[in-house]
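The numbering used here puts the first residue of the sequence shown at 399, with every later residue one more than the last. For reference, the structure discussed in these notes is given below.
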Amino acid sequence: MSESKLPSKIDHLVGQRLRWRRRELRLTQEQLGEKLGLTFQQVQKYEKGVNRISAGRLYELSTVLDVPVLYFYEGAEDYLALPNGSLNEDSEPAAPLPLMDQEAMELLSAFQKIEDEELRKTLLATIKAAAAVRQSNS
């Protein structure tokens, strides 16, 4: 397989965003697969970034998951800037994305529903400040 056909960091990011959204909607891999005419194994490969997602399939996913296509690329600039950008032997990102638990997904879901941009910025600043205080106390 040529190097250009191998999954890249962006494929891993798109896969993680797919997993986050599927979990946010409380869908199993099997349920999502049924909606797309895929096996749960194929959904699993997409989520792990093992298989690349074509543009057409990404559009289908965005429709089924009720998000814009750009949702899958949110945070790409920051993620691609992480050190150790190459893939290791296990086809996992060298610097993995944080895994989201149910509480984090609920927080993200609620945050995305806030339409007031200033309120969102204020809340984000508050959360970042709280995290910074926690880190400095560690």
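Note that CB positions come from ideal geometry on N, CA and C, so glycine has one too.
Item	Value
Measure from the alpha carbon of K433 to the alpha carbon of each residue in V448, K407, S460, then state which is nearest.	S460
Which residue wins for smallest C-alpha separation from I525, given the options N535, D514, F509?	F509
Out of H410, L411, K446, L521, which one is the CA nearest neighbour of Q357?	As displayed, the chain neither begins before 399 nor continues past 536, which places residue 357 out of reach and without an answer.
When the Cα of P405 is compared with those of I451, Q442, G431, which residue comes out closest?	I451
For V441 and A529, I'd like the C-alpha separation in whole angstroms.	33 Å
Please go through the stretch 418-480 and give each complete alpha helix (DSSP H) segment of 4 or more residues, from N-terminal end onward.	427-434, 438-446, 453-462, 474-478
In angstroms with no decimal places, state the Cα-to-Cα distance between L463 and F438.	16 Å
Span of the alpha helix (DSSP H) holding S534?	515-535
Within the same chain, show all residues whose beta-carbon is closer than 6 Å to that of M523, passing over the 5 residues directly before and after it, in chain order.	Met is not the amino acid found at residue 523; the sequence shown has Ala there. Excluding positions up to five away in sequence, the list is empty.
Taking only three categories from DSSP, how would you classify I512?	coil
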